[in-house]
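Under the working numbering, the first residue of the sequence shown is numbered 17, with each subsequent residue one higher. Let me begin by presenting the structure, written as structure tokens, before commenting on it.
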Amino acid sequence: MRRATPAALIAAALLATGCGSSKQSSAPPPTATTRNTTATTTTPATHRSLTVLDLVNIIGQAPDTPAGADYAADSRSTSLTLADLPTGTSEERATVRAFRRAGFRRIYQRSFNGALNVADGTAYLFVSAAGSTKAFAVLKHTLEKPGGVSQRVTPLLADGLGEEAWAAHVTGGADGAVFLWRRGTLVVVADMSCDASCGFDVVAAVRTYADEIDQRAKETS
């Protein structure tokens with residue numbers, strides 16, 4: 017259910033403009049079971065300082081879900097500093113200010129084009145866990161808002177993911193799911209989408225992808 021280019025998505029707090037084609041998008045299936053929920057929280061631990069290479073390794077290679085996706089990595093992997101983020105709209109400027117106050121360090125994002133869908137993994141790095149907590153709230157607030165009049169964002173359970181997590185099934189023009197979570201000084205987003213109906217449980221597929229990324233983040237930190 018990609019809403020814009022990866023860089024624009026990131027700067028605008030991701031998925032803020034709605035789903036697109038299966039070669040540029042991400043969102044979940046109409047048949048998925050959805051449940052209203054609030055972000056889950058656990059007590060944070062002490063984490064070591066992460067590097068850009070750590071972010072690359074945490075996002076990792078193409079997901080192995082769903083079966084038959086047959087992903088090809090998009091050559092436009094993105095690494096951004098605060099100075100790279102757009103400030104053309106009031107919302108973009110507010111996001112940049114919030115990230116600066118939160119101790120933003122770096123974003124790393126990777127996209128994968130599949131035969132069935134598109135997948136994205138994005139890692140936001142902050143100086144401290146306190147900063148990532150603030151940034152998580154900013155991103156969650158943005159992702160909760162529909163990207164268009166026909167789009168519907170339905171919250172899902174995200175128990176057991178990171179130290180704080182939120183997820184949603186996104187419908188309207190495309191099918192997709194997005195999982196947002198925080199671990200230590202990182203905030204991570206994993207999402208997938210299809211043009212119309214995915215034909216598979218995209219929510220389950222993204223959760224598997226998110227769990228794989230989070231396991232690498234846990235091992236790295």
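All C-beta atoms in this analysis are idealised placements derived from N, C-alpha and C, irrespective of residue type, glycine included.
Taking residue i as the reference, give the member of the options with the closest Cα.
i: GLY176; options: ALA226, ASP90, TYR87; result: ALA226
i: HIS185; options: LEU98, ARG122, ARG223; result: ARG223
i: ARG113; options: LYS150, GLY178, ALA146; result: LYS150
i: GLY215; options: TRP182, ALA233, VAL204, ALA83; result: ALA83
i: THR201; options: THR170, ARG122, TYR87; result: ARG122
i: GLY147; options: GLU107, GLY119, THR187; result: GLY119
i: LEU141; options: GLU235, THR67, SER209; result: THR67
i: LEU15; options: TRP182, GLY163, VAL165, ALA110; result: For the chain, the structure presents residues 17 to 237; residue 15 sits outside this window and is missing.
i: VAL72; options: ALA85, PRO79, SER93; result: SER93
Which class does residue i belong to by DSSP, given the choice of helix, strand or coil?
i: ASP136; result: strand
i: THR58; result: No answer about THR58 holds up, because its pLDDT of 49 lies below 50 and its placement is not dependable.
i: GLY147; result: helix
i: GLU107; result: helix
i: PHE216; result: coil
i: LEU101; result: coil
i: GLU180; result: strand
i: LEU66; result: coil
Given a threshold of 16 other Cβ atoms within 10 Å of its Cβ, counted over all protein chains shown, does residue i qualify as buried or as exposed?
i: GLN231; result: exposed
i: GLN256; result: As shown, the chain starts at 17 and ends at 237. That puts residue 256 outside it, with no answer to give.
i: GLU180; result: buried
i: VAL134; result: buried
i: GLN125; result: buried
From the DSSP output, read off the bridge partner residues of residue i.
i: ILE123; result: LEU96, TYR140
i: ASP191; result: CYS210
i: GLY198; result: This sequence places Arg at residue 198; Gly is not what is there. Answer by DSSP bridge pairing, in chain order: VAL203.
i: VAL169; result: VAL186
i: PHE128; result: ALA89, ALA135
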